[in-house]
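Protein sequences, first through last, are from chains U and B. Each residue of the first sequence is one higher than the one before, counting from 343 in our numbering. Each residue of the second sequence is one higher than the one before, counting from 343 in our numbering. All C-beta atoms in this analysis are idealised placements derived from N, C-alpha and C, irrespective of residue type, glycine included. As structure tokens, the structure follows; a few thoughts come after it.
2 protein chains.
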Amino acid sequence: MDHPADASAPSGEQPGPGLRADAERNRERIVATARRLYASHGLGVSMACIARAAGVGKATLSRRFATREELINAVFADRMDAYAAAVAEALADPDPWHGFVGYVQAVCAMQAADRGFADVLAMTFPAAKALEKRRAAAYHGFLDLIERAKATGRLRADFTDQDMVILLMANAGVIAATGDAAPDTWRRLVGQMLRAYAAPGADLPPLEPTPAPTALYRAMVRLTRPAPGPGDDLG
Amino acid sequence: MDHPADASAPSGEQPGPGLRADAERNRERIVATARRLYASHGLGVSMACIARAAGVGKATLSRRFATREELINAVFADRMDAYAAAVAEALADPDPWHGFVGYVQAVCAMQAADRGFADVLAMTFPAAKALEKRRAAAYHGFLDLIERAKATGRLRADFTDQDMVILLMANAGVIAATGDAAPDTWRRLVGQMLRAYAAPGADLPPLEPTPAPTALYRAMVRLTRPAPGPGDDLG
DNA sequence: AGAAAAATGGGTAGGTCGTTCCACTTGGGT
DNA sequence: ACCCAAGTGGAACGACCTACCCATTTTTCT
């Protein structure tokens, strides 16, 4: 039961206060590899794959990150910061409606850029207490933003913070389904959703054109398989 | 809506012309079980689970349906008929816009009612030639519907058949994320999408209220796990 | 009723995944 | 430079899924 890892200063999610130099190096290698794999293949990549790709033994990974959630927490900490920053930036915009539109687009773009992050945002991942804390803070700011945007009369009064969650889930679905075959499809979804949020007469960014006619239908051949094939690229 | 599906002349997928009586009985038991499991847990339930739940040996399942796609084909044949029928019904509506709205709602409701079917619709499942054929026919009718609805001036001119595909993918995402915890969330998404499709001034069904405030956040604790736990219900 | 063919299900082999244990290597304080 | 503990990777284990083979049971035809 010796856990020297948390003996000294486990405040928050510090990398590793009492970690040996090589251990810390391995830790970072693991996180970097996981970030890459999660981004391209979504969460659900097996721990074994990550360990293999990072060039460490499975035991090492398990020791450093006991559960998958712990690893996810470490991987997406900075993305969560960016997420929170997006709200701050939107609040700084002198035009709340413009800020709102930009925020929605920015967050959905983050989802599109990182399949793993899309899952994190859409699925309220269970563990990751630290992530939840940051999310809560961002959420609070978002409520402000909604309020101000509504005050301009250009965001419909029936828009709710829940609608943003719904959009995140919907966007995750589109991103997951289209994959690499039609990577810009999500923009059209977001454009249409914004249209639905906007009060009549509000200015809107132009609607993204539909992807190449056949692209969508050829897109989602990946079927149900959630995890990437083990013999994929994994670097 | 009468479906003499199994007795006389179903469209396309004859059950088993030269099957022994007990074999045919088992076949139907398998299909029924698969339908139930797929509906509740989505595609991706293992063949072994289905065989176990149906009370037949794995070999029996494998012999009757060599590939997973074959089974899916048999399971969703009638749903696909319903899908096609929805287009026909929409086309029969004297008001094309009203028909269009009803069609969108009906198809999305089908997705919500059956997680497996949601996957089939959203993912253009690879195999299942027969399903594809039916889908193609329905698709053709849908193009007609769009044309007519646009002619009324109430469906925006920039709506594309691809938008329906996008909606199906987005809806699948919402349904997958909300699960059983907030089962009506998809209705709000559809309502907002319809709002985006509608030309200014077009009549729209009232927007579904947001689900219970906390429901969404407590909803998707299921994380990434695609297949149901083996020790679930499969009763 | 009896026999042949059809159909069944359990067992085995080969694969993945996650966890745990253990002998070896390596870092870093002294 | 030394030496112990922190750290490592691989092996072993149990659980799961797919695919296949074959002895046994059941249906159906004569």
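For residue i, the three-state DSSP class (helix, strand or coil)
i, result
"residue 408 of chain B", "coil"
"residue 549 of chain U", "coil"
"residue 424 of chain B", "helix"
"residue 540 of chain U", "strand"
"residue 415 of chain U", "helix"
"residue 468 of chain B", "Because the pLDDT of residue 468 of chain B is 47, which lies under 50, any placement of that residue in the model is unreliable, and the number read from its coordinates should be weighed accordingly. Coil."
"residue 402 of chain U", "helix"
"residue 554 of chain U", "coil"
"residue 387 of chain B", "coil"
"residue 458 of chain U", "helix"
"residue 393 of chain B", "helix"
"residue 342 of chain B", "Since the displayed chain B opens at 343 and closes at 577, residue 342 of chain B lies outside it and no answer follows."
"residue 574 of chain U", "Any reading at residue 574 of chain U must be qualified, since the residue scores a pLDDT of 38, below 50, and its modelled position is unreliable; no value is offered."
"residue 434 of chain B", "helix"
Reference residue i, options the options, closest by Cα
i, options, result
"residue 424 of chain U", "U/409, U/456, U/396 and U/402", "U/456"
"residue 444 of chain U", "U/458, U/427 and U/460", "U/427"
"residue 398 of chain U", "U/383, U/381, U/374 and U/420", "U/374"
"residue 514 of chain U", "U/452, U/369, U/377 and U/430", "U/452"
"residue 361 of chain B", "B/448, B/388 and B/402", "B/402"
"residue 510 of chain U", "U/390, U/415 and U/448", "U/448"
"residue 479 of chain U", "U/436, U/369, U/504 and U/422", "U/422"
"residue 417 of chain B", "B/438, B/379 and B/481", "B/379"
"residue 528 of chain B", "B/503, B/558 and B/439", "B/558"
"residue 584 of chain B", "B/552, B/556, B/368 and B/415", "This structure does not reach residue 584 of chain B, given that chain B is present from 343 up to 577, and the question cannot be answered."
"residue 376 of chain U", "U/411, U/363, U/364 and U/365", "U/411"
"residue 504 of chain U", "B/530, B/492 and B/537", "B/530"
"residue 461 of chain U", "U/512, U/489 and U/533", "U/512"
"residue 520 of chain B", "U/520, U/507 and U/483", "U/507"
"residue 493 of chain B", "B/554, B/431, B/523 and B/439", "B/439"
"residue 540 of chain B", "B/497, B/532 and B/525", "B/497"
"residue 482 of chain U", "U/518, U/437 and U/429", "U/429"
"residue 553 of chain B", "U/545, U/517, U/502 and U/523", "U/502"
"residue 524 of chain U", "U/555, U/433, U/484 and U/382", "U/555"
"residue 368 of chain U", "U/526, U/393 and U/381", "U/393"
"residue 487 of chain U", "U/458, U/463 and U/433", "U/433"
N-terminal and C-terminal residue of the alpha helix (DSSP H) that residue i is part of
i, result
"residue 382 of chain B", "363 to 383"
"residue 523 of chain U", "Unbroken run through residue 523 of chain U: none, as it is neither H nor E."
"residue 444 of chain U", "438 to 455"
Along the stretch 546 to 557 of chain B, what residues have a CB closer than 8 Å to any CB found in chain U? 549, 552, 553 and 555
Positions along the stretch 420 to 447 of chain U whose CB lies within less than 7 Å of some CB in chain B: none
Any chance you could list the alpha helix (DSSP H) runs of at least 4 consecutive residues sitting entirely within the stretch 479 to 524 of chain B, in chain order? 503 to 520
At a CB distance below 9 Å, what residues from the stretch 503 to 514 of chain U approach chain B? Give them in sequence order. 503, 504, 505, 507, 508, 509, 510, 511, 512, 513 and 514
Cβ-based contacts, 8 Å cut-off: residues of the stretch 387 to 405 of chain B near chain U: none
For the stretch 526 to 545 of chain B, enumerate the residues whose C-beta is nearer than 7 Å to any C-beta of chain U, in chain order. 527, 530, 531, 534, 535, 537, 538 and 542
Please list the residues of the stretch 489 to 504 of chain U that have a C-beta atom closer than 7 Å to any C-beta atom in chain B, keeping them in chain order. 500, 502 and 504
Name the residues in the stretch 447 to 462 of chain U whose C-beta lies less than 7 Å from a C-beta of chain B; which are they? 461
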